[in-house]
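Peer 1: Got a structure for you, written out below as structure tokens; questions coming shortly.
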Amino acid sequence: MPDWTQEQEDQINDAYWLDQETICPICGANIQVADSQVIGFPKHIYANCVGCGARATIKAAPERNENFGEEQLREFVSLFHRGRTSACPHDGTVLGVEVLRPIGAPNHYIITCPRCGISGQITWDPEV
Ligand SMILES: [Zn+2]
Ligand SMILES: [Zn+2]
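As structure tokens, this is what we get:
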């Protein structure tokens with residue numbers, strides 16, 4: 692069974708998170724990819740070529756001990772309210788936005804990169 696090189700695994704990893712086609716660099720067939728559904732980070736992806744049978748467990752991203760700053764969070768929320776997505780500054784992956792809307796209080800936003808786990812929270816009412 693063939694093996695991918697480190698560089699090829701990096702390409703598959705990027706393609707998966709950037710929502711591009713994951714094509715096997717050895718045989719050209721499609722690669723089935725799933726990410727670990729466990730809560731928390733670091734995340735891994737499981738790649739499996741349907742053509743040549745190459746497979747690998749690949750770490751999604753380097754570990755990062757940091758959070759988004761308030762200015763970044765405000766920018767992400769502003770874009771979100773204009774119907775646009777924001778990308779992780781490290782890996783370009785589309786950030787997930789979770790909105791909590793308590794009655795009589797400003798919205799609370801939790802923004803997380805699903806790939807590397809960098810995140811931040813802000814309570815803010817961008818309409819005001
Ligand atoms: Zn293959
Ligand atoms: Zn990221």
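According to this note's numbering, the residues represented by the sequence shown are 692 to 819, in order. Even glycine gets a Cβ: it sits at the ideal position worked out from N, Cα and C.
#1: Rounded to whole angstroms, what is the Cα-Cα separation between Asp782 and Arg806?
#2: Grab me the residues of Ala725's own chain with a C-beta within less than 8 Å of its C-beta, minus the 5 sequence neighbours each way, in chain order.
#3: Run through the DSSP bridge pairs and tell me what Gln723 is partnered with.
#4: Excluding the 5 residues preceding and the 5 following Gln699 in the sequence, name in chain order all residues of the same chain whose CB lies nearer than 6 Å to its CB.
#5: Name the one or two DSSP bridge partners that Gly787 has.
#6: Taking all protein chains shown into account, decide if Thr784 is buried (16 or more other Cβ within 10 angstroms of its Cβ) or exposed.
#7: Could you check where the alpha helix (DSSP H) with Gln697 kicks off and where it finishes?
#8: Using alpha carbons as the reference points, say which of Ala706, Gln728, Lys734 lies closest to Asn721.
#9: Tell me which residues pass a beta-carbon proximity test against ligand 1: closer than 6 Å to any heavy atom, given in chain order.
#10: Quick check: the stretch 762 to 777 against the stretch 807 to 815, are there 3 or more CB pairs under 8 Å?
#11: Are Thr713 and Ile703 close, meaning C-beta to C-beta below 8 Å?
#12: Would the beta-carbon of Ala752 be found less than 7 Å away from any heavy atom of ligand 2?
Peer 2: Let me spell this out:
#1: 8 Å
#2: Ile736, Tyr737
#3: Asn739
#4: Excluding residues within five positions, the ones whose Cβ falls inside 6 Å are Pro716.
#5: Thr803
#6: The C-beta of Thr784 has 16 or more other C-beta atoms within 10 Å across all chains shown, which makes the residue buried.
#7: 697 to 708
#8: Ala706
#9: Cys715, Ile717, Cys718, Ala720, Cys740, Gly742, Cys743, Ala745
#10: yes
#11: yes
#12: yes
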